[in-house]
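Residue numbers (this note's numbering): 2 to 509.
Have a look at the structure below, then the notes.
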Amino acid sequence: MFIQIHSAALLGIDAQPVRIEIDISKSWPGFQIVGLPDVAIQEAKERIRVAWKNTLSDWPFGKGITINLAPADLRKEGALYDLPMALGMYLAHKEILTTDFDHAVMVGELALDGTVRRVNGVLSITLYAAANGYTSIFVPAENIGEAQLVKGINIYGIKNLCQIIDHVTGEAFLQPNNESYAEQSKISLNYDNDMSFIKGQEFVKRGLEVAASGAHNILLSGSPGSGKTLLARSMPSILPPLNQNEALEVTKIYSAAGLLPTNTPIIRERPFRSPHHSASSVALVGGGNIPRPGEISLAHRGVLFLDEFPEFPRFTLESLRQPLEDGEVTIARAQGTFTFPARFMLVASQNPCPCGFVGDPERECICAPFMITKYQKRISGPLLDRIDLHITVPRVQFEKLNSEVPIESSEKIRNRVIEARERQALRFQGLRFGTNAEMKNREIKLYCKLPDKAVDLLRQAVTKLHLSARSYYRIIKLSRTIADMSSNENIMFDHVAEALQYRGMSNY
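Rendered as structure tokens:
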């Protein structure tokens, strides 16, 4: 008898349809799975056989079992087809005709005792199913939280193989569970680092607040021990929480990557990723035979912190140029082209030289001039051009370290950042972006009118600092953010002057 069950394949972070076709007949005995399956799918034969033995009875001995995963030219991987294959085999073996699964998608991995285990990418698969007219989706019970984030489709959580068999035989019907508790989940505002822990560095903190308010990239440079890393790691504490659409985008990426915690069906806090400088370009950008999201995609809508910036291989750093400009990364493979979202905020830190003390007023640099030049040249001009704020982090004096003066907390700074972001969201309502850093030339022309005095100041800066066209537009976007922080609808001279301060550090 022939049975067909609908499932899906995960390609990148998006789902594609897969039809699981099962035929059991009195032909030559055997068990074959065809349709470009990987090793995990081929091993499903043994998982299904043992799970069947431990939960059901009457294995179809002496019959030919053929399972085809269509389309045949699409490479499939993972154990998410175990459950639909086992169900299809049962229906074909028992010759049960049912329409329950004609408009349903099913995924799930089987344990040897028949338990249905969680799989990756359930949010992407549920979004695909809802968008393509399916009325139901059957997922592992552990994945039901992320599936419930999608509206307009019936969600069934399956705990074990017997549960779905009882449903088709009529012994115990499953009921959909569409109520989502994730949307009402509280956002944690407890951070390991807080701006109130950091004494001094008021100018740097102001720069971080500006960067957070407009989602701008920032580079911190200073001698060892000046507080660069602590300042950067405090950035999440001043960022606003993700809105609903952003949360779904980030959760979709983490679900596809298999990094979504079991007890966290939706990610509400902005990601903070900090890869080691030995990370490869594939780890940073993404890749593999069937590409997976890299660190820049895992930092989508959040922060990518690159400590010891010049220590990263130059080839790895250069791979950031296109994502920084476009907000996404495209990876080409033989199977096709995969695009991952990568709208992250780059926060980088560096020492100014190998020993770290060039320009330090208290410590002497021991590096030869050619060593300093070589170290600084590790970061290319085009990459530096894409960083909006270049800030030197000075050494903190003893008087400030020993001071008992109260320091402004991250909560107060975050409230100001949220207000600035809300102004931007209102301004860009109806557009595909919501922050000043994402503006293109068209939006800059519309929303960034400059007074004559500010134009003259910019003209002098471009001439004397030899700024590129990209730097010019980034300064204007930075000025727009500073104006938003001042609750000012118009960009003033002072806003442009402050924006130019953050381009002052130039070792190149």
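C-beta atoms are modelled at their ideal positions from N, C-alpha and C, and glycine is treated no differently.
Simplified DSSP state of residue i, which is helix, strand or coil
i, result
"MET107", "strand"
"HIS496", "helix"
"LYS160", "coil"
"ARG322", "helix"
"LYS454", "helix"
"SER279", "coil"
"TYR509", "With a pLDDT of 38 at TYR509, under the threshold of 50, the modelled position of that residue is not reliable, and no figure is offered here."
"MET372", "helix"
"HIS7", "strand"
"GLY226", "coil"
"GLU444", "helix"
"ARG269", "coil"
"GLN202", "coil"
"ASN246", "helix"
"LEU231", "helix"
"ASN437", "helix"
"MET2", "coil"
"THR349", "The question names Thr, but residue 349 is Ala in the sequence shown. Looking at ALA349 - three-state DSSP - the assignment turns out to be strand."
"THR263", "coil"
"LEU459", "helix"
"GLY512", "For residue 512 there is no data in the structure shown, the boundaries of the chain being 2 and 509."
Unbroken beta strand (DSSP E) run spanning residue i, endpoints
i, result
"GLY223", "219-223"
"VAL140", "137-141"
"GLY31", "31-35"
"ILE68", "65-71"
"GLY337", "337-342"
"ILE25", "15-26"
"PHE306", "304-307"
"LEU390", "390-394"
Residue i versus residue j - alpha carbon distance
i, j, result
"MET236", "ARG396", "20 Å"
"GLU309", "ASP386", "18 Å"
"THR482", "GLY215", "6 Å"
"ASN218", "LEU347", "5 Å"
"VAL497", "HIS391", "15 Å"
"SER238", "GLY226", "21 Å"
"GLY109", "VAL35", "19 Å"
"TYR509", "ALA349", "Here TYR509 scores only 38 on pLDDT, less than 50, and its place in the model should not be relied on; the value that follows carries that caveat. The straight-line gap from Cα to Cα measures roughly 16 Å."
"ASN352", "LYS378", "13 Å"
"PHE530", "GLY13", "The requested residue 530 does not occur in the structure, where the chain is confined to residues 2 to 509."
"VAL211", "MET486", "8 Å"
"TYR91", "ASN179", "27 Å"
"ARG422", "PRO241", "8 Å"
"CYS354", "PHE306", "19 Å"
"GLN461", "SER320", "32 Å"
"ASN155", "ALA130", "10 Å"
"ARG334", "ILE414", "44 Å"
"PRO292", "ILE332", "7 Å"
"PRO311", "ASP101", "58 Å"
"PRO38", "ARG48", "15 Å"
Classification of residue i by the beta-carbon crowding that lies within 10 angstroms, buried from 16 upward
i, result
"ALA233", "buried"
"GLY259", "exposed"
"HIS467", "exposed"
"GLU499", "buried"
"ASP114", "exposed"
"HIS277", "exposed"
"THR263", "exposed"
"SER507", "No answer about SER507 holds up, because its pLDDT of 48 lies below 50 and its placement is not dependable."
"ASN161", "buried"
"MET2", "exposed"
"GLY146", "buried"
"LEU447", "exposed"
"ARG471", "exposed"
"GLN149", "buried"
"GLY382", "exposed"
"VAL330", "buried"
"VAL1", "Because the chain spans 2 through 509 in this model, residue 1 falls outside it and cannot be assessed."
Boundaries of the alpha helix (DSSP H) in which residue i is found, first to last residue
i, result
"GLY146", "145-148"
"ASN191", "From DSSP, ASN191 is part of no alpha helix (DSSP H); its letter is neither H nor E."
"ILE49", "45-56"
"ARG76", "Taken as a continuous stretch (DSSP letters only), ARG76 belongs to no alpha helix (DSSP H), as it is neither H nor E."
"ASP83", "83-95"
"THR127", "123-132"
Check whether the segment 50-65 touches the segment 122-133, taking contact to mean three or more Cβ pairs, one atom from each stretch, closer than 8 Å. no
Take every Cβ of the segment 449-461, pair it with every Cβ of the segment 246-259, and state whether three or more of those distances are shorter than 8 Å. no
Would the segment 433-442 and the segment 472-481 be scored as touching if the rule is three or more Cβ pairs under 8 Å? A contact exists between the segment 433-442 and the segment 472-481.
Give a yes or no on contact between the segment 130-146 and the segment 44-56, applying the rule of three or more CB pairs nearer than 8 Å. no
Report yes or no: do three or more beta-carbon pairs, one from the segment 169-177 and one from the segment 364-383, lie closer than 8 Å? no
Counting Cβ pairs, one atom from each stretch, are 3 or more of them under 8 Å apart for the segment 268-286 and the segment 13-30? When Cβ pairs closer than 8 Å are counted between the two stretches, the segment 268-286 is seen not to touch the segment 13-30, the count staying below three.
Touch test, the segment 276-290 against the segment 366-382, Cβ-Cβ under 8 Å, three pairs minimum: no
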